[in-house]
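For reference, the structure is listed below as structure tokens.
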Amino acid sequence: MVEMPNNTSPDLWQEGAESNGERSPCVLGAIPIIYYSGLLCVGLPVNILNVIVLSHLAIKTHKSSYCYLLSLSASDILTQFFIIFVGFILETAILHRKIPPTMVHTVSVLEFAANHASIWITVVMTIDRYYALCHPLRYRTVSYPERTHRVIAVVFVMSLITAIPFYWWSDLWRVSNPPTALDQVLIWMHCFIIYFIPCTIFLIVNSMIVFRLKKKEALANRSSKTTAILLTVTTVFAILWAPRTVVIIYHLYVASVNKSWKVHLMLDLANMLAMLSTAINFFLYCFVSKQFRLTVKEVLLSFCKH
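Numbering (my numbering), first residue to last: 6 to 311.
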């Protein structure tokens with residue numbers, strides 16, 4: 006879940022924050038509104054196209070990797086819908102949070118759930134690729150479409166379950182008091198779920214995959230495209246989400262977003278970078294995979310004929 010600019014909290018939080026002093030200004034002004042609106046206008050169509058193209062490839066090849074990429078695109082659509090459209094454009098820019106706090110918290114849970122699903126689908130896909138490349142004989146017995154679908158379903162269910170505690174997530178933009186014990190637990194829990202644990206898995210598993218491919222050139226040639234997509238997606242995620250993780254921890258122990266315009270600016274920019282990861286996978290797939298580009302062309306031509 007990505008916090009939006011400092012006009013995003015319920016009225017009761019707003020009054021409490023204002024009683025504690027001036028809030029830090031939104032230095033970027035209307036830029037976040039323009040940015041997120043543009044990101045939604047680009048990201049939503051390309052993710053929908055992603056789903057269509059990857060559905061064709063999954064049906065055609067019966068590869069589990071395409072099923073995982075398909076579910077990743079679906080979770081990115083959910084992330085864009087709940088975080089960017091509902092959480093920012095609808096609640097913030099249009100309704101100005103003039104809705105019941107309970108509804109705000111409920112939407113927050115859905116935002117975290119979509120965010121967790123998007124990240125952990127990538128984790129599961131990474132582990133799947135490891136077994137496919139490093140333990141091919143065992144992989145054939147444990148990886149098949151029905152099992153892949155069950156794994157994906159479990160990831161989505163667990164993402165929702167792990168998002169429930171974030172119903173009590175504090176609004177970083179308005180709360181000027183020092184973080185409570187609950188705030189600290191939730192912030193560290195958030196950082197571990199969305200960054201530290203996934204990135205550790207990415208680093209370890211991807212290193213083993215690269216090492217394995219270097220040892221077996223023939224295997225590398227057969228799996229180069231799928232592996233390149235995986236390495237690219239995980240590397241881009243680690244880069245784009247790093248600033249936000251650092252700023253949140255900095256806010257927890259050093260300076261309040263509510264009081265410091267510099268921290269406010271850093272968190273604005275970090276959130277914008279993090280959300281960029283939900284809209285660029287289509288372009289990464291096109292850049293890396295010729296088969297994906299050809300399928301995109303076929304899908305677009307079929308739409309034009311109709």
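The C-beta atom is built at its ideal place from N, Cα and C for all residues, glycine as well.
As the structure is a prediction and not an experimental result, all values here were calculated from the model.
Which term fits residue i, buried or exposed, when burial requires 16 or more other beta carbons within 10 angstroms of its beta carbon?
i           : result
residue 67  : exposed
residue 73  : buried
residue 307 : exposed
residue 258 : exposed
residue 134 : buried
residue 108 : exposed
residue 261 : buried
residue 166 : exposed
residue 309 : exposed
residue 208 : exposed
residue 182 : exposed
residue 302 : exposed
residue 26  : Confidence at residue 26 is low in this model, with a pLDDT of 47, below 50, so the placement of that residue should be treated as unreliable; the coordinate-derived value is given next. When all chains shown are included, residue 26 counts as exposed.
When you compare each of the options to residue i by their alpha carbons, which one comes out closest?
i           : options               : result
residue 118 : 100, 85 and 134       : 85
residue 210 : 199, 305, 132 and 94  : 132
residue 164 : 266, 195 and 244      : 195
residue 138 : 281, 218 and 32       : 218
residue 46  : 281, 113, 112 and 62  : 281
residue 283 : 260, 301, 49 and 60   : 49
residue 159 : 176, 172, 188 and 129 : 129
residue 244 : 231, 220, 276 and 155 : 276
residue 106 : 38, 176 and 214       : 176
residue 98  : 38, 182, 254 and 230  : 38
residue 296 : 256, 230 and 246      : 230
Start and end of the alpha helix (DSSP H) containing residue i?
i           : result
residue 48  : 36-66
residue 135 : 106-139
residue 182 : Taken as a continuous stretch (DSSP letters only), residue 182 belongs to no alpha helix (DSSP H), as it is neither H nor E.
residue 71  : 69-84
residue 95  : Looking at the DSSP string, residue 95 is not in any alpha helix (DSSP H), and its letter there is neither H nor E.
residue 310 : 295-310
residue 266 : 266-281
residue 33  : Run containing residue 33: none; DSSP gives neither H nor E here.
residue 207 : 202-220
residue 5   : The structure shown does not extend to residue 5, since the chain is modelled only from 6 through 311, so no value can be given for it.
Using a threshold of 6 Å, is the CB atom of residue i nearer than that to any non-hydrogen atom of the ligand SAH?
i          : result
residue 68 : Inclusion of the ligand SAH in the displayed structure is not the case, the ligand content being empty and no account of it being possible.
I want to see whether chain C comes within less than 7 Å of residue i, judged by CB atoms only; does it?
i           : result
residue 166 : Note that chain C does not occur in the displayed structure, where there is just one protein chain.
Short check: CB of residue i to CB of residue j, under 7 Å?
i           : j           : result
residue 35  : residue 114 : no
residue 40  : residue 93  : no
residue 69  : residue 148 : yes
residue 1   : residue 300 : In the structure as shown, the chain begins at 6 and stops at 311. Residue 1 is therefore absent and cannot be evaluated.
residue 304 : residue 64  : no
residue 161 : residue 116 : no
residue 278 : residue 32  : no
residue 187 : residue 174 : no
residue 256 : residue 172 : no
#### Entry: the stretch 119-136 touching the stretch 193-203, judged by at least three CB pairs closer than 8 Å
yes
### Task
Determine contact between the stretch 239-254 and the stretch 140-149, defined as no fewer than three beta-carbon pairs at a distance below 8 Å.
no
### Query
Taking one C-beta from the stretch 63-81 and one from the stretch 48-55 each time, how about it: are there three or more such pairs within less than 8 Å?
Yes, they touch.
### Query
Per the contact definition of three or more C-beta pairs closer than 8 Å, is the stretch 286-300 in contact with the stretch 236-243?
yes
### Query
Taking one C-beta from the stretch 96-106 and one from the stretch 258-273 each time, how about it: are there three or more such pairs within less than 8 Å?
no
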